[in-house]
Amino acid sequence: MAQYSFTKSAGGILVPATPDAESFVKNTRLGTIVTGEFKRVRNAPFHRKFFSLLNLGFEYWEPSGGAISPFELQFLRGYINRLMAYVGNKGVLHEIADDYLALVAGKRAANLSTVKSFHAFRRWVTVEAGHYDLFELPDGSTLREPRSISFSAMDELEFNDLYKSTLNVLWTFILSKSFNNPFEVENAASQLMSYAA
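Be aware that the sequence shown starts at 2, since it is given in our numbering, and climbs by one per residue.
Written as structure tokens, this is what we have:
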């Protein structure tokens, strides 16, 4: 069953809030009776502010590398630390590991072309914010799949928690390099939202 969102306007009239809802109303004949389940949804301006925050993070993010996965890096660092326990020469071993990583990354990067994708970025931020389901795959590995952030998928309180966690993720990984504090980030996101309106 399709879901459409409407906003109540003056005079008690429901106005389509999304392009899908607008298309549905436009394609419904005058006088047709329409029924459905209705419920109040979370704060739409806050939803727009969330996406404004994501857009801000996306604009400030510059991809760098990606040829070495975090798992590979963690594995190699763990192995080097284990070697240091037996051999010593901490600096030399880390230098050799860094040279090896640069060599592997260079070879892989020659065959890769990275693309900056908002969809992939949004999924990553959602997972890093802790809003995901964990699935075990047939090969024994796990997959962190982001949960839906649609109006029907979560209430206002859960969305507020997601917003705070998202702000924290973007601050930690990206925006702390360009802003003095998270309050400035929220102000910039609000300004972006007002420009888009």
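In this text, a Cβ means the ideal position worked out from N, Cα and C, and glycines have one as well. All figures in this text were calculated on a predicted structure; none of them were measured in a lab.
Residue pairing from DSSP places F136 in a beta bridge opposite L144.
If you look at K50, you'll find it in the alpha helix (DSSP H) that goes 45-61. Note that the C-beta distance between T127 and P147 is below 8 Å. Per DSSP, reduced to three states, the secondary structure at K117 is coil, with no helix or strand assignment. By the neighbour-count criterion, in which 16 or more other beta carbons inside 10 Å mark a residue as buried, L74 falls on the exposed side. In the displayed model, V26 falls within a helix according to three-state DSSP. The shortest CA-to-CA distance from L54 to any of V93, F39, S142, L171 is the one to L171. Proximity of the stretch 45-62 to the stretch 120-135 meets the contact definition, three or more beta-carbon pairs being nearer than 8 Å. Each of Y101, A130, A68 was checked against the Cα of N112, and the nearest Cα belongs to A68. Bounds of the alpha helix (DSSP H) holding F76 are 71-88. The stretch 91-105 makes no contact with the stretch 28-46, as fewer than three CB pairs between them are under 8 Å. When the beta-carbon positions are compared, A22 and F7 come within less than 8 Å of each other. For K108, the enclosing alpha helix (DSSP H) covers residues 91-111.
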